[in-house]
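To keep things clear, I will list the structure first and then write my remarks on it.
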Amino acid sequence: MRVLLTGAAGFIGTHVASALRESGHDVVALDGWHPAAHRGAPPSIVEGVPLLHADVRDRAAVERALHGVDAVVHQAAMVGLGADVQDLPDYVGCNDLGTAVLLAAMAAHGVRRLVLASSMVIYGEGAYRCAAHGPVVPAARRENDLRAGRFDPPCPHCDAPLTPERVDEDAPVRPRSVYAATKAAQEHLAGAWADATGGSVAALRYHNVYGPGMPRDTPYSGVAAIFRSALERGQPPTVFEDGGQRRDFVHVRDVARANVAALEAAPPGFRAYNIASGRPCTIGDVAASLARACGGPAPVVTGRFRAGDVRHIVAAPHRAGAELGFTAALAFADAVGEFAIAPLRA
Ligand code: UD1
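For what it's worth, numbering that gives the first Met the number 0 labels the leading residue of the sequence shown as 0, then goes sequentially.
As structure tokens, then:
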């Protein structure tokens, strides 16, 4: 297939470009070289493919890039928790207006197949069970509780402690940050587009992606890059809350394979998939094993917290296995040695 890959010069995009080419697809690479993700001048080639340097909101450029294309793999986005609420227009512009322009251009060119990079952050707090009340949806965590070191959200009915469970794709979408809200909106726009055009959308809800080529730490970086950057400077990783918050770290090469699998499967209509390793760990454990692998100082657990952070998100990865034939090959423990010495991008 001939595939338009947006965000092709990014951390995940470059790995997706390689995986597409290795699977025999032709890649048209587009990237807007957003300053939050990139420094310096854009390259002319990524992963052996000429790079079209254009923002996905540039309808004319997107239309040119779509000529002869069978499918779009849309990775271009502003990611991360961001600096503060002043980022709101940029996030909505890049992520939602960008997706809207792309979808309209695809419809005009008869391109009906989309793989969309989504995120587990759209679930908000993940799935929980109360011993007395069964499955419950906790409220957003209160600042007073966080200040007092009560990091785990309590049962909304009886205040009892909850057990975190694996979140599946049927869980309701409850974005708790600006970025999460823009990712949820992207999914909704793509779903409406699929209904209107008869197109196919596979929305890949990435869990915490890490691996070679991650950006160094910025307000927009994920925690694995922040820890790696600290260790590179000889400093300990700084763990927020009590380090007990759980995530699923999925390797970027697995994420790239998931994109190829989703492209080739082309599910009918809109369909969402958790893209995860299926082997969750705590942030404290990730910090400790990365520090060991780097031969660096042990992590410092600070008790600090960030507004908009959720406590636990662990995935049920089975739908991607059943419908896309995708199962992650690497657990964090398998890949931490490689990640400890892998180059980060400037
Ligand atoms: C991350 C990404 C999000 C992406 C999602 C799924 C960022 C900022 N977040 O969300 O874009 O959609 O994975 O791929 O890129 N923490 C520390 N110390 C630090 C920084 C963070 O302990 O220095 C903790 C945080 O408080 C949080 C956890 O690490 O509990 C994960 O943080 P982070 O990777 O930033 O965000 P996610 O919410 O997991």
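Cβ coordinates follow ideal geometry from the N, Cα and C atoms, glycine included.
| message | Mapping the DSSP letters down to three states, classify Arg165 as helix, strand or coil. | response | strand
| field | the ligand UD1 heavy atom lying under 6 Å from the CB of Gly221 | value | yes
| task | May I ask which residues mark the beginning and end of the beta strand (DSSP E) holding Phe269? | result | Phe269 to Ile274
| query | Measuring CB to CB, does Glu186 end up less than 7 Å from Ala202? | reply | yes
| query | Does the pairing of the region 286-297 with the region 41-50 give three or more beta-carbon distances under 8 Å? | reply | no
| request: Could you tell me if the beta carbon of Val78 falls within a distance shorter than 6 Å of some heavy atom in the ligand UD1? | output: Val78: yes, Cβ under 6 Å from the ligand UD1.
| request: State the beta-bridge partners of Ile44 as determined by DSSP. | output: Pro49
| request: Answer with buried or exposed for His66, where buried requires no fewer than 16 other C-beta atoms within 10 angstroms of its C-beta. | output: exposed
| said: Using 7 Å as the threshold, is the C-beta distance between Gly212 and Phe10 below it? | reply: Closer than 7 Å, so yes.
| task | Round the Cβ separation of Met77 and Asn94 to the nearest angstrom and send it over; I've been treating them as touching at under 8 Å. | result | 6 Å
| What span of residues does the beta strand (DSSP E) with Cys353 cover, start to end? | The requested residue 353 does not occur in the structure, where the chain is confined to residues 0 to 345.
| said: Let me confirm a value: His312 is counted as buried when at least 16 other C-beta atoms fall within 10 Å, else exposed. Which label applies? | reply: According to the sequence shown, residue 312 is Ile rather than His. Looking at its Cβ environment, which holds 16 or more other Cβ atoms inside 10 Å, Ile312 is buried.
| request: Can you tell me the Cβ-Cβ gap for Thr5 and Arg111, rounded? I've got them flagged as a contact below 8 Å. | output: Actually they do not touch by this definition, with Cβ atoms about 17 Å apart.
| task | For Thr301, count neighbouring C-beta atoms within 10 Å of its own C-beta (all shown protein chains included) and say buried if the count is 16 or more, exposed if not. | result | Answer is exposed; the Cβ neighbour count stays below 16.
| request: Classify Phe248 as helix, strand or coil using the three-state DSSP reduction. | output: strand
| request: Assign Ile340 to one of two classes, buried (16 or more other C-beta atoms within 10 Å of its C-beta) or exposed (fewer than that). | output: exposed
| query | What alpha helix (DSSP H) runs, 4 residues minimum, are completely inside the region 58-83? | reply | Counting only unbroken stretches of 4 or more residues, the alpha helix (DSSP H) elements lying wholly within the region 58-83 are 58-64, in sequence order.
| field | Proximity to Leu102 [Cα-Cα], best of Ile225, Gly198 and Thr281 | value | Gly198
| query | Identify the residues that DSSP records as bridge partners of Arg1: which are they? | reply | Looking at the DSSP output, Arg1 sits in a beta bridge with Asp25.
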